[in-house]
Amino acid sequence: MRQLIFFSLSLRHSREFLPEMILKFRVIVEQGILPCLAQLLARNYPKIIKKQACLIVSNITAGSKDQIQAVIDADVMNHVIVLLKTSETDLKKEAAWAISNAASGGSSDQIQYLVSRGCLEPLCNVLKYQDVDLVYTCLEGLQNILVEGEIGKQGNESVMNPYAQFILENGGLDNLEELQDFDNDAVYKLAMTLLERYWDEEVSDDANLPASKDGSAENVETVPEDAAAQPPVPAPSADGTE
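Under full-length UniProt numbering, the residue at position 191 of the sequence shown is numbered 191, and the numbers go up by one with no gaps.
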């Protein structure tokens with residue numbers, strides 16, 4: 001198994017996933033590398049080991065839907081999501097690559113699985129970092145998750161995208177809006193595309209708020225003290241129920 005891991009690491013020199021490289025990663029999946037990766041990610045190994053394990057996972061999830069499913073079935077993705085929630089920035093980056101690749105190329109059920117395991121909120125939190133590659137990768141992952149949410153609406157335009165609503169209610173929209181000032185054109189354009197596509201009304205409302213004396217937006221409406229808070233909308237589950 002150690003030879004498989006060394007071989008996996010030797011394949012990856014860039015983020016350009018060539019067809020022949022993806023084929024080689026399919027072979028090492030068939031050779032049984034995933035249970036070993038699950039152990040490396042779950043146990044108390046040094047950070048550098050976990051980074052390399054996430055790197056291998058990101059190459060595997062850049063492949064076919066069958067490869068993504070194999071990662072899920074081996075319980076590897078659960079551990080990657082935990083790292084995305086709890087680890088340091090450099091390890092978060094590798095975890096974000098793995099999850100974003102899976103979200104980009106995964107099936108409807110696979111994307112729903114990722115959301116049900118709690119990937120949305122930590123992906124939104126990663127948007128706070130000033131790392132262009134990391135932020136852009138997370139935006140791509142979020143974009144594909146949101147596309148899946150639109151499909152789930154089944155043409156009912158009166159219903160809000162459930163994934164967009166979850167992001168809105170858990171603070172992710174604030175992080176997206178901050179990217180309007182991000183010093184990278186590609187990040188800015190993709191962030192604006194998402195904001196205008198999924199939260200156009202909310203963004204327009206913020207822009208129309210009256211400005212206070214210090215120039216900041218100020219909401220002049222008040223809410224009665226006895227007004228009941230609206231219950232939060234839970235994240236969509238893997239089987240599509242709430």
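For each residue, glycine too, the CB sits at the ideal point set by N, CA and C. All figures in this text were calculated on a predicted structure; none of them were measured in a lab.
task: Starting from the N-terminal side, write out each stretch of the beta strand (DSSP E) that is 3 residues or longer and does not extend beyond the region 22-67.
output: none
task: Tell me whether Leu127 sits in a helix, a strand or coil according to DSSP, three-state version.
output: Numbered from its first residue, the sequence shown carries residue 127 at position 127. Coil, per DSSP.
field: DSSP three-state assignment for Ala102, whether helix, strand or coil
entry: To locate residue 102, count along the sequence shown from 1; it is residue 102. Ala102: helix per DSSP, three-state reduction.
query: Where Tyr163 and Gly149 are concerned, what is the direct C-alpha to C-alpha distance, given to the nearest angstrom?
result: Taking the sequence shown and counting its residues from 1, the one referred to as residue 163 is at position 163. Taking the sequence shown and counting its residues from 1, the one referred to as residue 149 is at position 149. Approximately 6 Å, taken between the alpha carbons.
message: Is it buried or exposed, Lys50, if we count other Cβ atoms within 10 angstroms and call 16 or more buried?
response: Taking the first residue of the sequence shown as 1, we reach residue 50 at position 50. That one is buried.
- prompt: Among Tyr113, Tyr45, Ala96, which residue has its Cα nearest to the Cα of residue 298?
  reply: The structure shown does not extend to residue 298, since the chain spans only 1 to 242, so no value can be given for it.
query: What distance in whole Å lies between the Cβ atoms of Tyr198 and Asn161, which are believed to be in contact at a cut-off of 8 Å?
result: Stepping through the sequence shown from its first residue, residue 161 is reached at position 161. Stepping through the sequence shown from its first residue, residue 198 is reached at position 198. Right, their Cβ atoms sit about 6 Å apart.
query: In its own chain, which residues sit with a C-beta less than 6 Å from the C-beta of Asn170, not counting the 5 before and 5 after it?
result: As a first step, residue 170 is located in the sequence shown; it is residue number 170 there, counting from the start. Taken in chain order, the residues that qualify are Glu121.
task: Look up Gly171 in the DSSP assignment and say whether it is helix, strand or coil.
output: Along the sequence shown, one-based indexing puts residue 171 at 171. It is coil, neither helix nor strand.
query: Considering only residues of the same chain and omitting the five flanking positions on each side of Cys54, which have a CB-CB separation below 8 Å?
result: Numbered from its first residue, the sequence shown carries residue 54 at position 54. Result list for Cys54: Leu41, Val80, Leu83, Leu91, Glu94, Ala95, Trp97, Ala98, in chain order.
- prompt: Out of curiosity, what's the CA-to-CA distance linking Val135 and Leu127?
  reply: Along the sequence shown, one-based indexing puts residue 135 at 135. Along the sequence shown, one-based indexing puts residue 127 at 127. Using only the alpha carbons, I get a separation of about 5 Å.
task: Just tell me which of Asp133, Ile68, Lys65 has its CA closest to the CA of Asp183.
output: Numbered from 1 along the sequence shown, position 183 holds the residue referred to as residue 183. The candidate whose alpha carbon is nearest that of Asp183 is Asp133.
- request: Check the C-beta distance from Leu34 over to Ala62 and give it rounded, since I have them as a contact under 8 Å.
  value: Position 34 of the sequence shown, counted from the start, is the residue given in the question as residue 34. Position 62 of the sequence shown, counted from the start, is the residue given in the question as residue 62. So it is not a contact: roughly 15 Å between Cβ atoms.
query: Is Tyr129 closer than 8 Å to Thr89 when the C-beta atoms are compared?
result: Translated into positions along the sequence shown, residue 89 becomes position 89. Translated into positions along the sequence shown, residue 129 becomes position 129. Thr89 places its beta carbon less than 8 Å from that of Tyr129.
Same chain, Cβ closer than 6 Å to Asn144, five either side skipped, listed in chain order: If you number the sequence shown from 1, residue 144 lands on position 144. Closer than 6 Å at the Cβ level, and outside the excluded window around Asn144, lie Ala103, Ser104.
task: Could you spell out where the alpha helix (DSSP H) holding Arg197 opens and where it closes?
output: Residue mapping note: residue 197 aligns to position 197 of the sequence shown, counting from 1. Arg197 -> alpha helix (DSSP H) spans 185-198.
query: How many angstroms separate the CA atom of Ala191 from the CA atom of Val115?
result: Walking along the sequence shown from the start, residue 191 turns up at place 191. Walking along the sequence shown from the start, residue 115 turns up at place 115. Between Ala191 and Val115, the C-alpha separation is close to 20 Å.
- request: Buried or exposed for Ser158, please, with buried defined as at least 16 other CB atoms from any protein chain shown within 10 angstroms of its CB.
  value: On the sequence shown, residue 158 is found 158 positions in, with the first residue counted as 1. Flag for Ser158 reads exposed.
field: Integer Cβ distance of Arg26 from Gln52, believed to fall under 8 Å
entry: Taking the sequence shown and counting its residues from 1, one reaches residue 26 at position 26. Taking the sequence shown and counting its residues from 1, one reaches residue 52 at position 52. With 8 Å as the limit, Arg26 and Gln52 do not qualify as a contact, their Cβ atoms being about 19 Å apart.
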